[in-house]
Amino acid sequence: MDQYIEFATNHYLLAFSLVCVIFLLIQDLLANSFNKYESISPLIAVTKMNSDDVVVLDVRETNEFIKSHIENAINIPLSKVEEQIGSLEKHKNHPMIVTCQTGARSVAACKTLTKAGFENVFNMTGGMQSWEDNKLPIKVSSKN
């Protein structure tokens, strides 16, 4: 034990960094354990889409959605999810995969949906960026 104290005293920045990393890991584990939604990769999302009656909710802004999106996805921008949650009620018993451009906005939408009583909610990690990186099919707007 004396060696640890001596090491921490001699290398206080390194010891402080270690404490910070441990704290952040614990905080991340605790935060994820309370999520009522599951994060899935785009490849797992495709598997779910092919096997279940899945609803895809795209929470990007409309102009982003129009450029490219997943076939049959519903577009409700994140800023309007809470006020338009009633339009999603008919899909409450279906698995719902939520996506955005990078996976950040979809986390907020997943929290809103689970708070509203949706139970089978999935966040697609990496969003459409990851979807396209995996060369998965998208619907692209036709340029006239």
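Counting along the sequence shown from 1, when you hit position 127 you're at 127 in the UniProt record's numbering, and nothing is skipped either side.
Beta carbons are placed, not taken as given, at the ideal position from N, Cα and C, and that holds for glycine.
For the segment 65-108, the full-length beta strand (DSSP E) segments reaching 3 residues or more read 96-99 along the chain.
The DSSP assignment places 38-40 as complete runs of the beta strand (DSSP E) inside the segment 11-54, in order along the chain (cut-off: 3 residues). Its chain contains Y37, V98, V121 and N123 as the residues whose beta carbon lies nearer than 7 Å to that of C110, once the 5 sequence neighbours on both sides are disregarded; these appear in chain order. In terms of Cβ geometry, I74 and S141 do not form a close pair [threshold 8 Å]. If you look at M124, you'll find it in the beta strand (DSSP E) that goes V121 to M124. Here G117 has K92 as same chain residues with Cβ atoms under 8 Å from its own Cβ, once five neighbours each way along the sequence are excluded. Beta-bridge pairing by DSSP links K139 to H69.
Straight-line spacing of the CA atoms in L88 and L25 works out to 35 Å. The criterion of a C-beta distance shorter than 8 Å is not satisfied by V59 and I70.
In this model, I76 and L18 are separated by some 42 Å (Cα to Cα). Here M96 is buried, its C-beta having at least 16 other C-beta atoms within 10 Å.
The beta carbon of W131 sits closer than 6 Å to the beta carbons of P42 from its chain, once the five residues preceding and following it are set aside; these are given in chain order. V56 is bridged by DSSP to I97.
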